[in-house]
Structure formats: structure tokens, C-alpha cells
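*Asks:* Please see the structure below; I have some questions.
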Amino acid sequence: MRAEDIMSSPAVTVRPDTPAKAATALLAAHGFTALPVVDQEDRLLGVVTEADLMRDRILPDPRARIWRDREPVAHPHSPDTVERVMSSPATGMPRHADAAELAKVMLREDIRSIPILDGERVAGIVTRRDLLRTIARDDLAIVTDVRHQLAAYAGGDRWTVTVADGAVGVLDEFDDATDRHVATVLARAVPGVQSVEVTARADQPI
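The sequence shown begins at 743 in my numbering and counts up one residue at a time.
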């Protein structure tokens, strides 16, 4: 399963000169945790996250201090543009990147989303939620996709496909090691697949 199989595309992006408040509104409206920041050619410059836009932007309530002291309440400066708060450089990965590698990078770097690149341009974005959706994908949807992939390769009557909790079992009517390898590769590429076992009918006990 590749990044392009699960990414949201086109990505919602902002420019460095986008007002910070407008970027905040985009995050809130779409339920995102981060937005890629791009130049006029859609090349990745950085990312702006929820944390970037929240930092020092919630004013303290002066009523909480009124009976404790008479010191004036500081008013934090609100950033004018995305450029002032964004994180740069950003981690981006190509659209053919393995989804398993995306998950490793997110966990290792403690980030919640990764912009997906087509060359230097942002083509989409993959979030932790996207990865979780593939893990939670319904077995019926998985078996339908696996059958479709195998039928396109060598005909639908040849394979018997079962899925249980993302574990795919494929029974091949013939005994061909090369075809079993291809079937394994095709099945593993389907979103939601956790494991694949391909066996030949001849190997089944009588």
C-alpha cells in the first residue's frame, strides 16, 4: 500500500503570506491538524500545525487575577502570517512511499501528518487518521478489492479469497510459484490488509 492509495488529494495548502487567522479557520473547518505551506509553484516550504497557531494566541482571562494581585495582564502578540509561526523545513515523502514507512516516520518524529510529493510539488497529505482508517477497514471491502486485483491479473475463477480481521487467505487452483508471489504482492497492496497467505489447491489435505 502506497501513500497515493490513502492520501487526501488535492491537499488543502496555505502560502507563507496567508493570514494566521485564515489558516486557523481552515484547520477548524476541515478538522485537520496541519497544513502544508507552499510557494507559488506548490513546492513544499514547511507546515503549520495546530500547536503553531495556538501558541500565545489565547488571552488569559483578567478576572482570574483580579483578587490575587493588581499586576497588568500581558497580552501576547498575535502572528500576522503563517510564515511567522510555521515549521520549516518540513518532512515530505513521495507518492509511491510505502504506507508502513509513513507510519514509522510519524511515530519516530511525533508528527500527525506528512505532505505527499509529486516531484517537488505537494500532491496530497496523509494523516494518522488515514492510516487508522486502513487498519479499521471492513473485511468485505478488503476481500472485494483483493478479488478484483487477482481477477485483473489471471482471471477471477482461479482464486478463492477469504479475509478475517485483515488477514487474507488466497487459494490458487493451480500450482505456480511465480503466480503465488504475484498474488501475494497484489494482495498486500490493498489498503487494510494485515497479512497474506497464498496456497495451491494441490497443497491442501485431501
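We treat Cβ as the ideally placed atom computed from N, Cα and C, and that holds for glycine. The structure displayed is predicted, hence computed values, not measured ones.
1. Using only the alpha-carbon positions, how far apart do LEU849 and ILE858 sit?
2. Answer yes or no: do VAL779 and LEU768 have a C-beta to C-beta separation smaller than 8 Å?
3. Is the separation between the beta-carbon of VAL935 and that of VAL910 shorter than 8 Å?
4. Quick one, which of ALA894, GLY866 and ASP907 has its alpha-carbon nearest SER751's?
5. On the three-state DSSP scale, how would you describe ARG898?
6. When you compare each of ALA931, GLU792 and ASP899 to PHE916 by their alpha carbons, which one comes out closest?
7. Taking only the alpha-carbon atoms, compute the straight-line gap between VAL790 and GLY908 and give it to the nearest angstrom.
8. Around the C-beta of SER937, are 16 or more other C-beta atoms found within 10 angstroms, so that it is buried, or is it exposed?
9. If you count every other CB in all the chains shown that lies within 10 Å of the CB of ALA771, and 16 or more means buried, which is it?
10. Would you mind listing the alpha helix (DSSP H) stretches within the region 873 to 942 that are 4+ residues and don't spill past its ends, in chain order?
11. Should the region 885 to 898 be regarded as contacting the region 820 to 836, the criterion being three or more beta carbon pairs within less than 8 Å?
12. Where does ALA832 fall in DSSP's three states?
13. Taking 8 Å as the threshold (C-beta atoms), are VAL940 and THR926 in contact?
14. Pop quiz: LEU844 and ALA745 are said to be a contact at Cβ under 8 Å. What is the actual Cβ separation, rounded to whole angstroms?
15. Applying the criterion that 16 or more other CB atoms from any shown protein chain within 10 Å of the CB defines a buried residue, is SER830 buried or exposed?
16. Would you call GLY834 buried or exposed, if buried means 16 or more other Cβ atoms sit within 10 Å of its Cβ?
17. Using a Cβ-Cβ cut-off of 8 Å (strictly less than) and excluding sequence neighbours within five positions of ARG879, which residues of its own chain qualify?
18. In the DSSP assignment, the alpha helix (DSSP H) including ASP860 goes from what residue to what residue?
19. Return the bridge partner residues of THR791 from the DSSP annotation.
20. For the alpha helix (DSSP H) containing ALA845, list its first residue and its last residue.
*Replies:* If we stick to the structure as given:
1. 17 Å
2. no
3. yes
4. Checking every option, the nearest Cα to that of SER751 belongs to GLY866.
5. What sits at residue 898 in the sequence shown is Gly, not Arg. Helix.
6. ASP899
7. 34 Å
8. That one is exposed.
9. exposed
10. 881 to 896 and 919 to 930
11. no
12. coil
13. yes
14. 6 Å
15. exposed
16. Burial call: buried.
17. GLY908, PRO933 and GLY934
18. Per DSSP, ASP860 belongs to no alpha helix (DSSP H); it is in the beta strand (DSSP E), 855 to 860.
19. ALA776
20. 841 to 851
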